[in-house]
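In our numbering, the protein residues as written are 8 to 139.
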């Protein structure tokens, strides 16, 4: 089997079939990576990950040594990936110094209900897609 080099984009071609436009845009800003020694050493808050731990991070500020709040998450399980991304949107996305203004404006153009995935059934479907 072929292996992918890390990091990889969280965004997939099928996203638009399952997710609303804000969720698709959010996934485009995130990448999946395996923690390196540098990642372990640079972790300032929360528990330090073990080498190789799968994480989720902002693709725009991943190169910074001092990462802004909420830029990196190490979900304890695959099922927590959706919540980690929602936290990224809530606590990091609009404050990220490296994310282009045009992307922030595009996300800001969606209403709050649209950004949250309006409707309980749609939220459940959205969260399930993130795990699969």
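Where a beta carbon is used, it is the ideal one built from N, C-alpha and C, also for glycine.
Bear in mind that the values here come from a model prediction, so they are computed numbers and not experimental data.
| Asked | Found |
| --- | --- |
| Provide the residue span of the beta strand (DSSP E) that contains residue 38, from first to last. | 37-41 |
| Please name the residue or residues paired with residue 65 in a DSSP beta bridge. | 37 |
| Quick check: what's the CA-CA separation for residue 28 versus residue 39? | 20 Å |
| Quick one: what's got a C-beta closer than 6 Å to residue 84's C-beta in the same chain, skipping five residues either side? | none |
| Are there three or more Cβ pairs, one per stretch, closer than 8 Å when the region 63-70 is compared with the region 95-112? | yes |
| Which residues does DSSP pair with residue 47 in a beta bridge? | Per DSSP, none; premise fails for residue 47. |
| Give me, in chain order, the residues of the same chain whose beta-carbon lies closer than 8 Å to that of residue 49; leave out the 5 immediate sequence neighbours on both sides. | 72, 73 and 74 |
| Tell me whether the beta-carbon of residue 96 lies closer than 7 Å to the beta-carbon of residue 19. | no |
| Please name the residue, chosen from 45, 135 and 64, that lies closest to residue 58 on a Cα-to-Cα basis. | 45 |
| How long is the line joining the alpha carbons of residue 125 and residue 108, rounded to whole angstroms? | At residue 125, the pLDDT of 44 sits below 50, so the modelled position is not reliable; the number obtained from the coordinates is stated separately. Rounded to the nearest angstrom, the two C-alpha atoms are 25 Å apart. |
| Using 10 angstroms around the beta-carbon of residue 62, count the other beta-carbons present and answer buried if the total reaches 16, otherwise exposed. | buried |
| So the alpha helix (DSSP H) residue 97 belongs to, where does it begin and stop? | 88-98 |
| How long is the line joining the alpha carbons of residue 115 and residue 98, rounded to whole angstroms? | 14 Å |
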